[in-house]
Structure formats: C-alpha cells, structure tokens
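S.K.:
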RNA sequence: GGUUCCGUAGCUCAGCUGGAUAGAGCAACAGCCUUCUAAGCUGUGGGUCAUUGGUUCGAAUCCAAUCGGAAUCACCA
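Residue numbers (the numbering used here): 15 to 609.
(1) What is the DSSP secondary structure of residue 112, reduced to helix, strand or coil?
(2) Kindly examine the ligand NAP and report whether one of its heavy atoms sits closer than 7 Å to the Cβ of residue 239.
(3) Comparing alpha-carbon positions, which option in 557, 33 and 545 lies nearest residue 529?
(4) Per DSSP, which one or two residues make a beta bridge with residue 132?
(5) Check whether the region 365 to 376 and the region 396 to 410 touch, using three or more Cβ-Cβ pairs below 8 Å as the test.
(6) In whole angstroms, give me the CA-to-CA distance for residue 42 and residue 18.
(7) Given a threshold of 16 other Cβ atoms within 10 Å of its Cβ, counted over all protein chains shown, does residue 249 qualify as buried or as exposed?
(8) Rounding to the nearest angstrom, what Cα-Cα distance links residue 131 and residue 291 in this structure?
(9) May I ask you to list the residues that DSSP assigns as paired with residue 105?
(10) Under a Cβ-count criterion, where at least 16 other Cβ atoms within 10 Å of its own Cβ denotes burial, should residue 51 be classed as buried or exposed?
(11) Look up residue 614 in the DSSP assignment and give the residues it is bridged to.
(12) Relative to the C-alpha of residue 366, which residue among 397, 349, 357 and 379 is closest?
(13) What are the start and end residues of each continuous beta strand (DSSP E) run of 3 or more residues lying completely inside the region 274 to 305, in chain order?
(14) So, residue 559 versus residue 164, is the Cβ gap smaller than 8 Å?
(15) Could I get the ranges of all uninterrupted alpha helix (DSSP H) runs contained in the region 335 to 384, with 4 residues as the minimum, in chain order?
(16) For residue 178, which residues does DSSP report across the bridge?
(17) In whole angstroms, what is the alpha-carbon distance linking residue 476 and residue 470?
(18) Among the residues of its own chain, which have a CB less than 7 Å from the CB of residue 306, if the five just before and after it don't count?
(19) Helix or strand or just coil, what does DSSP make of residue 401?
(20) Can you check whether the CB of residue 466 is closer than 8 Å to the CB of residue 494?
(21) Can the beta-carbon of residue 381 be found closer than 8 Å to that of residue 335?
(22) Which first and last residues belong to the beta strand (DSSP E) in which residue 45 is found?
(23) Relative to the C-alpha of residue 612, which residue among 580, 246 and 555 is closest?
(24) Can you name the start and end residues of the alpha helix (DSSP H) that residue 532 belongs to?
(25) According to the neighbour-count rule (16 or more other Cβ atoms, all chains shown, within 10 Å of its Cβ), is residue 536 buried or exposed?
(26) Excluding the 5 residues flanking residue 121 on each side, which residues of the same chain have their C-beta closer than 6 Å to its C-beta?
(27) Are the Cβ atoms of residue 275 and residue 180 separated by less than 8 Å?
(28) For residue 127, does the three-state DSSP call read helix, strand or coil?
(29) For the beta strand (DSSP E) that contains residue 56, what are its first and last residues?
(30) Could you check what DSSP says for residue 121 in three-state terms: helix, strand or coil?
(31) Which full runs of the alpha helix (DSSP H) of 4+ residues lie inside the region 542 to 578, going along the chain?
(32) Whole-angstrom Cβ separation of residue 384 and residue 330, contact assumed at under 8 Å?
(33) Mapping DSSP to helix, strand and coil, what is residue 183?
(34) What residues match up with residue 95 in a beta bridge as DSSP calls it?
(35) Closest to residue 197 by C-alpha separation, out of 186, 210 and 98, would be which residue?
(36) With which residues is residue 476 paired in a DSSP beta bridge?
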C-alpha cells in the first residue's frame, strides 16, 4: 500500500511531464515483478506508447531513466524487457517501509468501532431437529471469520443467529419420541441432546416410509399415501396444537429444543464460534405479516383469487413470488422480510446485513432483496447474501436420508485423534504435560479443519473425502501454526531489543520479499473485508508462512554476527509473527507458542 | 425448458479490475537433521486453463456460442 502509493505517484508525475498528459495516480497500476527478472515492481508500458510515440522498449527506458534520476533515494535501478519496466527498489527505501509498518501498533487494523457503523453477520441459523453437519461447519466458519475480518476494519459487528425452532421438522422428532422413546433423555441415554433429537427424526422418517408403503399396498396413489400416513397426520395435528399453545405439546417442544440447544452450544464451543445475538423463530415469525398488509395497501403486492398474497418480480427476471399463504399463514420469505426490517429498525447504525447461507438459496435471497426494494426500503441494497457452495463427498452430495452426512461432532473427534496420532509419531510432545498435550491436539486438529475449509473460495463447492483425513503438512493450518511456533522458539532463545537501528545493511532477496509481503497485509485485510471473502486472507497467510520458512533456511539469525543485521532479522520475524497471529485469529484459528 | 453458478496438473485448490515462460500443496522420485523445531527446506517429472469463435499489441482472465456438472424455478425451510 505504502509502496504502491509511492510508485504510482512517482510514475504519474513522471509520465505526465514526459508525455504532456494528465493522469492521476489511480490511473496507474504496478504489479509485482516476475521471479525470473530483477526488480520488485513492474510497470507495463504498453498503455503509454501511444503518448510517447516510441516503441515499447524505448518508452520503458525513457520512463525508467527519468524515475531513477528524480527518485534516486527510492528507486535504485531499472531494467526493461520488451514492454515491461522492472524497478529495483533501494534498500533504504524498503527498510524505511519496514520501519513504518513495524512502528504501527496492530498494523492493518482500524480501532474497533472507530467507524461508528454496524454490520450484522448472520450465520449458523440451524434447524433444531438434527445435529450440525459439515455444511453447518462451513457456514459457521465462514460467518465467524468474516465477522472477525470486518471487525479489523473498524466496524461494530453483531454476530447473529436465528434458530429455526418451530415447524414440521421439530414436530416429527417430537412425535417419534412420544411414540418410541420410553422417555429416553440425554441424561438417561448418555446421548448428546441434538443427536438424540436427530435420532428420533430419523426414526420418524423410517416410520413414515413404512406407513406410506403399507398404504400403497392398499391401493392408494403415492400422493394420497404420503398425505394420509397416520404419523404425518399426527404431526400436522401436533403443529396445529403448537400454534394453539397446547400445554402438553409446548412442554415437550421446549424440553426437546433445550436438549438441542445444549448440544449445539457444545459444538459451537468446539468450533470456537459464538454469537452476540440469538433470535428464535417462534418469536419472530409473525413480524412479516403486517408488512405484507402494508404492501398490499400500497399496491406493491396483490391478492390472488385463492387469497394468497404475491409480488410480481417478473420485470426483474424473477417469477411471481408468494408472500402469504391462501390460509393467511406466513412462509419463509414472510419471516425474512419481517426480521430484516426489525433489524434495521433496532440498529440505527446498521449499514450492512450479511446472510451466510448456502447457494441453494440464491434465488430466495434475490427475491427477498428485490421485494424489500419494492417496499422502498433504501437499505435493501445493503443486504448481502454470502452464498457458499455445498460441501460434497466423493460420491456426491451429503444426504441425510442415505446416512451420508458427515456429522460435525464426529468429524471434530476424528480430527483430534488424527492430530494426536501424528504428533505422537513425530515425538513432538515428550516434554509437554498432559493437559498441554490435550490442548495442543485440539489446536492442531481445529487448525487443520478450519484452514482446510476456509482456504477455498466460498462461492465454490468443495470436496471432502471422509476416508482421507485432512492433511497436516503442506498448504495447511498446522503448517502456519508450526511456522509461528518456530518464530516464538527463536525469539525465546535470543535476548532481543526493540531498537530499529539498522540503516545501511544489505538486504537478501528473501528479506526484501518478506518486507513487501508483510507490508501487503493491510491491503489483503481490506480486500478480504470488501469482498466478504476469508479465503483471500487464508491464502495470503500461507504465502507469508511459506516465505518465512524459506527465509529461515537461508538467513540464519543466531549465526549472524553483524549486530545490526541480526537485529533487523529479529524485528522482521517479530513483525511476521505480528501478522500471522492476528490473521489466523481472524480465521478463528489458534496459534500455539510451541508444537 | 428458463435463470444462476462452476469446469485450471493424477487429486485438492490458488491465479480472474486483461500483461512476461499459468502457480502452490498432496501423491511419485532424488537430495538435506553435528548449526535457531525436518509438521521444514532444495530439486525432478507432471498442463490443449472444457471446446470453438470474437474483442486487441496481448486472453486462464472480457464477450458469444457449444459441451459437461451443480443448484434453483413450492402456499418447504
């Protein structure tokens, strides 16, 4: 950022004078120089040949000559290859850049809430009829990480979850439990609450399937059978009773939901995610109805003959969307309209509302935002759907009915035991005490899992093979954690000061690269925040760790006897650690001091 | 059928506001622990960037068409 700013200004000034044109620094872009050429930054001169009226190489030479003449403190030399002008930055300039970023506390960060603006990130938002699975894990990690990243840009962040705690799905679990459980509870069975409720959800589906088959044998059509299956009738009846606040049903509903919440909380804790605001749908699902009425009065919506209320989105390339059932009850989008309005009403500083939801709902959110726009809410444009791809298994999509879902708790457990096994094989922890070991296994396991998920672009689908455990080597979370631990180890063996007395030292290639990469951190954080994409940060921090490891194997510190040089290297790796740690925390990944 | 998204090495992924000979990791092979942690470093092999056309000095990147995959088009959530 600092460097690009300087270069674009310098180049802008130069070409304006040379070619009698009027560009601004924003019109100029520089890029990093390719490995095989000398230099750090490159200007592509093709855009300027029509002004210079010279062939590209001569244009490059002309610009290069003028630059080193006018900016000889910063630019040491240049070389031009075809139309590419490669600039070699001076060591003092790079050292000054380094001193600048090193002197800034929390480089790359804005003070929390300094913008006095609020962003709400909604994620997780589970149904309460079954435990969390790998898809939820991706959702939670993305949402949490994005919230952390946005926080670094000076926003006040509200992490929100809206729990879908009512409806047919939970009634299915309730009915099956009533019929089949003999009063089984998490306490009596030792089963985690969400898994227990999930178990009865599965049992319900089995029962339903059996009943439908029986009815089919009796000669009913498939459609009739699916509607008339006794258990389904019972569930529908239960839902009616719930809405009528039947005490028995309500008590059971509360009991079973509480089992689930307790289970979810454990899983969230293991994932290291949390929320500032938890809403429950049974409280919020009626909000939207009055809005629909208003829209009807304003003629934004219309009532169809059968009594349902619709909005016409065909001018916007979408379809006609039903907003209220003919029997007057609300549906998904009705609720979402209501909660969005409530949220902007309750939080006056809210400038962005981000929904972390899978891409299967792209259409829904388009319709939702468009509808809000039609209702003339100016903030409709501030709603954003963070859409992410499904997690797929080698043999296709996860399907709960076929039992191919990867359960979140199971996955975490197996990651921990993999981490433990590998760590023991490497004999890393012989002098760790027992509790430290357990902590470390968890840290590594979650680091591997989180990084594995966050490094891929959210919008792309990703593949997970349960048969192969997630790697701990290479482009992984543990690699970065390991790098951090090494830095801590070096620092602990050296009595370091914080002086930055290193003025006239020669920089090794890897040192230059590491300075520049450190310097890029601010821009990367901004990009990740602006594009709502934690993967940008994840891939960047791997580059940093990789470069550190290369630097580390070529530039010894303890063996370096030039004290200025040694001090510089110490400060450089300190700064690197100062970037790795917060970046990893933005991804929700802990970094251990030793491993 | 309409709409949207995706297609890069054997596998998992970067790169996409157009720039030089397309990058990592895993897997395979060959080196490096008497020197700050070998979960590391160095090297080798591996590519028709789905296909075809267009835009231009220049295309994995932008546009169009085609092929392949996915999602969605519910008075489900």
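Cβ coordinates follow ideal geometry from the N, Cα and C atoms, glycine included.
M.R.: Let's see:
(1) helix
(2) Ligands are entirely absent from the displayed structure, and the ligand NAP is therefore not among its contents.
(3) 557
(4) 170 and 364
(5) yes
(6) 10 Å
(7) buried
(8) 17 Å
(9) In DSSP, residue 105 forms no bridge with anything.
(10) exposed
(11) Outside the displayed range of the chain (15 to 609) lies residue 614, so it cannot be described from this structure.
(12) 397
(13) 291 to 294
(14) no
(15) 346 to 360
(16) 141
(17) 7 Å
(18) 315, 323, 337, 338 and 348
(19) strand
(20) no
(21) yes
(22) 44 to 46
(23) One cannot answer for residue 612 here, as it falls past the ends of the chain, which runs 15 to 609.
(24) 523 to 544
(25) buried
(26) 115
(27) no
(28) coil
(29) 55 to 58
(30) coil
(31) 548 to 568
(32) 5 Å
(33) helix
(34) 98
(35) 210
(36) 405
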